[in-house]
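Here's the structure, in structure tokens; my notes come after.
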Amino acid sequence: MKDTKRHAPHMPQAAVRARELVKSIGVALATPTGHGEALLARAATPWVRWLPYGVAFVFVAALLPVTIAVLIRDYGVNGAVAGALGTAQTVPLLVAVTRPLQAWWVIFTADVAGGFVLLIGDAAEGRPWPWTPMVVVGYLALMLALGPRESRRALLGVWLMTGAAGAMFALVSPGRVDGIPIVLFVLSGVLLLLTATLRGRGEAERRLVEQETISEAERARRTLLEERTRIARELHDVVAHHMSVITVQADSAPYRIPGLPEPAREEFASIAAGARESLAEMRRLLAVLRSEGTEGERAPQPGLDRVQQLVEATVRAGVPAELSLAADLDLAKLPPLVDLSAYRIVQEALANVVRHAPGATTRVSVGGDAEGWLNVLVVNGPADGNGSGPVEGGDGTGHGLVGMRERVRLTGGSLDTGPLPDGGFRVAARMPLTDPS
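So the numbering used here is basically just the index in the sequence shown, starting at one, shifted up by 5.
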């Protein structure tokens with residue numbers, strides 16, 4: 006068997022590329038990119054979606070009778086032939102709304118056939134040939150439907166086929182051809198280039214919007230993960246304190262309680278070893294969770310016993326705030342997780358007031374109810390513009406309502422936030438006074 010590829014290396018590179026380009030253009034012309042979706046089908050308003058059909062109908066209604074009449078009267082074409090040509094050259098414009106490439110094949114074939122029909126009769130002497138003015142108008146209208154829908158290679162093929170048809174008629178009858186083929190070739194190229202450029206710009210804007218939507222979702226997800234990591238770091242200090250107490254109590258039990266039997270001593274030793282192992286695991290986990298520049302977070306976590314200082318700092322920042330702390334609330338008996346979460350919620354809410362409603366009158370209320378729930382309420386009025394800056398030491402976590410919801414959800418409570426009719430804002434958290442575990 007002969008090796009048919011043996012002479013391929015001797016073929017000029019330019020010829021290979023030209024052949025591949027021609028092949029790809031042929032494939033593009035034979036393969037529509039659309040799926041039958043109408044032009045402007047994704048528009049928001051119904052009248053815009055129906056606009057292409059209306060425009061196509063106007064073109065067909067105007068061009069069809071004029072084309073038939075001109076072919077019969079000015080070019081001497083038989084009535085039946087004129088009717089067939091006129092229909093094939095104009096009616097497919099309705100199809101171009103959904104399938105522009107298929108419509109182009111029909112109209113282009115009809116236009117070329119019409120050129121040969123006009124060449125036969127003598128009545129066409131001195132008149133535009135091979136394209137009549139109606140053919141030019143209909144063809145350019147078709148370009149407006151074709152450019153926004155098909156691939157660049159298909160548009161290039163359409164443009165080259167248009168020029169090739171004009172050149173062919175110039176060779177067939179040089180004496181009768183006028184400047185119409187050149188005009189059609191240039192104008193069709195301009196329209197295809199313009200519509201393809203507009204389509205490319207629209208696609209770029211659409212991709213940008215999609216990317217922004219993805220980025221926003223990714224940003225929200227990252228914010229949530231960062232806040233959960235922050236909460237985990239803070240909980241380490243709370244849990245580590247209790248584990249340390251367990252370790253000390255278990256280690257000292259044999260010395261504090263005389264006469265312990267040996268099995269009890271071994272049990273206490275096992276409890277102390279388990280607590281120390283848990284502490285070591287937590288420290289290893291914390292080393293992963295801590296990022297650079299968070300050394301200050303190793304300090305003991307605050308609680309509601311420091312909320313008064315937080316409110317005073319807010320007042321110094323120019324926000325008239327007042328605190329109402331229930332006298333019967335025993336802060337020492339609060340679960341550490343609830344105590345820390347309540348402080349952070351007040352801190353974040355006050356920081357938001359300073360940032361978004363400077364100078365707004367703010368009321369902070371913390372107290373328990375008979376059902377065993379801790380209620381934290383921060384209500385501010387509308388801003389009056391007299392705020393002087395952020396609260397020192399009270400900037401919050403920087404994640405606003407996301408952090409509040411995560412903290413409340415972790416305790417098993419509920420959070421209610423929202424604007425008030427007077428332009429203020431309300432943050433209400435409800436958390437159990439008993440250990441959520």
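C-beta atoms are modelled at their ideal positions from N, C-alpha and C, and glycine is treated no differently.
Please read all numbers here as calculations on a predicted model, not as lab measurements.
Taking Cβ positions, are residue i and residue j nearer each other than 9 Å?
i: P105; j: R47; result: no
i: P387; j: A362; result: yes
i: V383; j: V351; result: yes
i: G194; j: L34; result: no
i: L342; j: L415; result: yes
i: Y348; j: L309; result: yes
i: A159; j: P37; result: yes
i: F113; j: T202; result: no
i: L99; j: A87; result: no
i: S257; j: A280; result: no
i: A274; j: A255; result: yes
i: S329; j: A434; result: no
i: V122; j: L189; result: no
i: G417; j: M436; result: yes
i: A101; j: L69; result: no
i: E232; j: E411; result: yes
i: I73; j: W136; result: no
i: L44; j: T103; result: yes
i: E364; j: P325; result: Sequence inspection shows Gly at residue 364; the Glu mentioned does not correspond to that position. Yes. Within cutoff.
Can you have a look at residue i and say buried or exposed, based on whether 16 or more other CB atoms are within 10 angstroms of its CB?
i: Y260; result: exposed
i: V253; result: exposed
i: R235; result: buried
i: M143; result: Per the sequence shown, residue 143 should be read as Gly rather than Met. The residue is buried, with at least 16 neighbouring Cβ atoms inside 10 Å.
i: A170; result: buried
i: G91; result: buried
i: D344; result: buried
i: P97; result: buried
i: R270; result: exposed
i: N83; result: exposed
i: F174; result: buried
i: L230; result: exposed
i: V218; result: Here residue 218 is Thr; the residue named in the question, Val, does not match the sequence. With fewer than 16 other Cβ atoms within 10 Å, it is exposed.
Could you have a look at residue i and say whether DSSP puts it in helix, strand or coil?
i: N83; result: coil
i: R431; result: strand
i: G364; result: coil
i: S327; result: Sequence inspection shows Glu at residue 327; the Ser mentioned does not correspond to that position. Three-state DSSP puts E327 in a strand.
i: P37; result: coil
i: T422; result: strand
i: W164; result: helix
i: P266; result: coil
i: V383; result: strand
i: P138; result: helix
i: I30; result: helix
i: S370; result: strand
i: P17; result: coil
i: P437; result: strand
i: V396; result: Because the pLDDT of V396 is 42, which lies under 50, any placement of that residue in the model is unreliable, and the number read from its coordinates should be weighed accordingly. V396: coil per DSSP, three-state reduction.
i: T402; result: For T402, the predicted model reports a pLDDT of 45, less than 50, meaning its position is unreliable; a value from the coordinates is still stated below. T402: coil per DSSP, three-state reduction.
i: R22; result: helix
i: E300; result: Annotation note: pLDDT 48 at E300 (below 50); position unreliable, coordinate value reported separately. Reduced to three states, the DSSP call for E300 is helix.
Please report the distance separating the alpha-carbon of residue i from that of residue j.
i: R227; j: S283; result: 29 Å
i: Q94; j: Q216; result: 43 Å
i: P426; j: V316; result: 24 Å
i: W109; j: G152; result: 11 Å
i: R431; j: E327; result: 15 Å
i: T50; j: L56; result: 10 Å
i: T422; j: E208; result: 39 Å
i: L149; j: V191; result: 14 Å
i: A332; j: S370; result: 12 Å
i: D389; j: T319; result: 15 Å
i: P179; j: R212; result: 49 Å
i: G373; j: W52; result: 59 Å
i: W134; j: E221; result: 58 Å
i: E272; j: P266; result: 10 Å
i: R181; j: E210; result: 48 Å
i: G323; j: R54; result: 55 Å
i: E223; j: V381; result: 31 Å
i: T402; j: Q306; result: For T402, the pLDDT reaches just 45, beneath the cut-off of 50, and the residue's location in the model is therefore unreliable, leaving the point undetermined.
i: G119; j: V214; result: 47 Å
i: Q18; j: V32; result: 21 Å
i: L197; j: S419; result: 59 Å
i: A277; j: D335; result: 30 Å
i: R22; j: M139; result: 38 Å
i: R24; j: Q107; result: 24 Å
i: K28; j: F64; result: 34 Å
Please confirm whether residue i has its beta-carbon closer than 9 Å to some beta-carbon of chain D.
i: S178; result: This model lacks chain D altogether, as it is built from one protein chain only.
In chain order, each beta strand (DSSP E) run of at least 3 residues that lies wholly inside the region 42–128: none
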